[in-house]
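In my numbering, the protein residues as written are 2 to 176.
Read through the structure below, which is laid out as structure tokens, and then see the notes.
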């Protein structure tokens, strides 16, 4: 499982903040969260990856990283961008087929999304990144934790992320 590979690269905190373990998990419009994400939040909780990236957390009280607060805010902002110039900003946003759901953000304002490829099985969702103010969507095959592990290990690269991403050390800092 990709979460185990991520654990080998990114050491989980001993006492995570806002972890989901033992809590009733909410749903996204009647859909379950992907199982690797559930495990990530259960083990890591809220925090910053490599001093650069934050994964939104449905259990956080901080609206800047709360999944549902950011779900509404980010989708609203991206819908406004698409409405302002459909030719330039051509993002497929949830709830359309293969629509994007925001799941994280970088210090540069790049957003990490799930690509909702199935309304029945969230474990099939893949990952996309949109660089800050970019009209382009960069797609990745694999789960969120597999893509994070690949980016951290340098097996995957992203034109959206700085080339120095994770070069200063791979660590998870609790927020």
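Each residue gets a CB set at the ideal place from its N, CA and C atoms; glycine is no exception.
Alpha-carbon to alpha-carbon, residue j and residue i
i	j	result
residue 17	residue 171	17 Å
residue 154	residue 44	20 Å
residue 37	residue 143	11 Å
residue 121	residue 151	26 Å
residue 196	residue 40	For residue 196 there is no data in the structure shown, the boundaries of the chain being 2 and 176.
residue 99	residue 29	15 Å
residue 138	residue 128	10 Å
residue 70	residue 132	20 Å
residue 94	residue 33	18 Å
residue 125	residue 86	30 Å
residue 119	residue 101	12 Å
residue 35	residue 88	32 Å
residue 60	residue 145	18 Å
residue 105	residue 65	10 Å
residue 107	residue 73	18 Å
residue 83	residue 117	18 Å
In DSSP terms, what residue i is bridged to
i	result
residue 127	116
residue 54	50 and 107
residue 18	46
residue 32	29
Boundaries (first-last residue) of the beta strand (DSSP E) holding residue i
i	result
residue 140	139-141
residue 97	First-last for residue 97: undefined, no H or E at that position.
residue 173	173-175
Range of the contiguous alpha helix (DSSP H) that encloses residue i
i	result
residue 146	145-154
residue 77	68-85
Neighbour-count burial assignment, residue i, 16 or more Cβ in a 10 Å radius
i	result
residue 67	buried
residue 50	buried
residue 55	buried
residue 62	exposed
residue 160	exposed
residue 23	exposed
residue 26	exposed
residue 140	exposed
residue 42	buried
residue 21	buried
residue 97	exposed
residue 47	buried
residue 158	exposed
residue 103	buried
residue 92	buried
residue 81	exposed
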